[in-house]
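The listed protein sequences derive, respectively, from chains A and B.
Residues in the first sequence are numbered consecutively from 15, following this note's numbering.
Residues in the second sequence are numbered consecutively from 2, following this note's numbering.
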Amino acid sequence: DAKTTQPNSMESNEEEPVHLPCNHSTISGTDYIHWYRQLPSQGPEYVIHGLTSNVNNRMASLAIAEDRKSSTLILHRATLRDAAVYYCILYGGATNKLIFGTGTLLAVQP
Amino acid sequence: DAGVTQSPTHLIKTRGQQVTLRCSPKSGHDTVSWYQQALGQGPQFIFQYYEEEERQRGNFPDRFSGHQFPNYSSELNVNALLLGDSALYLCASSADTGAKNIQYFGAGTRLSVL
Numbered sequence: 015d016a017k018t019t020q021p022n023s024m025e026s027n028e029e030e031p032v033h034l035p036c037n038h039s040t041i042s043g044t045d046y047i048h049w050y051r052q053l054p055s056q057g058p059e060y061v062i063h064g065l066t067s068n069v070n071n072r073m074a075s076l077a078i079a080e081d082r083k084s085s086t087l088i089l090h091r092a093t094l095r096d097a098a099v100y101y102c103i104l105y106g107g108a109t110n111k112l113i114f115g116t117g118t119l120l121a122v123q124p
Numbered sequence: 002d003a004g005v006t007q008s009p010t011h012l013i014k015t016r017g018q019q020v021t022l023r024c025s026p027k028s029g030h031d032t033v034s035w036y037q038q039a040l041g042q043g044p045q046f047i048f049q050y051y052e053e054e055e056r057q058r059g060n061f062p063d064r065f066s067g068h069q070f071p072n073y074s075s076e077l078n079v080n081a082l083l084l085g086d087s088a089l090y091l092c093a094s095s096a097d098t099g100a101k102n103i104q105y106f107g108a109g110t111r112l113s114v115l
């Protein structure tokens, strides 16, 4: 299973942008890049996904490097409710299972 | 539209006992996956059910078994409980549309084994 590497933790101030990096140098051509987040005492929640092109939705933006070996989740204006563990996951190819790492714990300061 | 629901929310068992956890998928979803999340770790894939069959399995012993019913709901059974089975058990459902499909998670069942 292809692996991802994320920083253990990051801090941000409220209402500032946050850039959460992820390295996935062993990504295969059919792997989608998915991001999920897990708020305290909740199950993981889908955030965004992409294959090759940058993607935007109401929650976040996903910037994918041209060689697809890294990506960045962008929260445009962090709020206190965005404090969570963010998981970068490679999904697809021969498997339908999500392989979670330990993720990035994002702390948002008021 | 109800999302993924799991029951019970909390459970306490003793070593050697057996436990059954239940999951109702999001409306319109036919695929159910189960994950185990130990404290401070990311969720680990246990297995996935589709059309009432186990389609994929993670690195878990045979003590972990499951079932999917015709209405797509699912059960996770764990036999001969060990202390190390204490964890949050998460159910996720999806529509089987391939590699780009989104999984929706329930809030989980917290299992404590004493």
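Idealized CB from N, CA, C, for every residue including glycine.
Query	Result
Rounded separation between residue 49/B and residue 113/B - CA only	23 Å
Chain-ordered neighbours of residue 56/A on chain D, where CB pairs are closer than 7 Å	Protein chains in the displayed structure are A and B, and chain D is not among them.
Chain B within 9 Å of residue 43/A, Cβ atoms only	no
Whole-angstrom C-beta distance between residue 46/B and residue 17/A, which should lie under 8 Å	Residue 17/A to residue 46/B, Cβ: 14 Å. No contact.
Neighbour flag for residue 113/A against chain B, beta carbons, 9 Å	yes
Length of the line joining the Cα atoms of residue 106/B and residue 57/A	5 Å
Contact check, residue 67/B vs residue 91/B, beta carbons under 9 Å	no
Amino acids of chain B, ordered along the chain, whose beta-carbon sits closer than 7 Å to that of residue 101/A	43
Cβ shell of residue 53/B (< 6 Å), same chain only, five flanking positions each side left out	69
Residue 107/B, DSSP secondary structure in three states	coil
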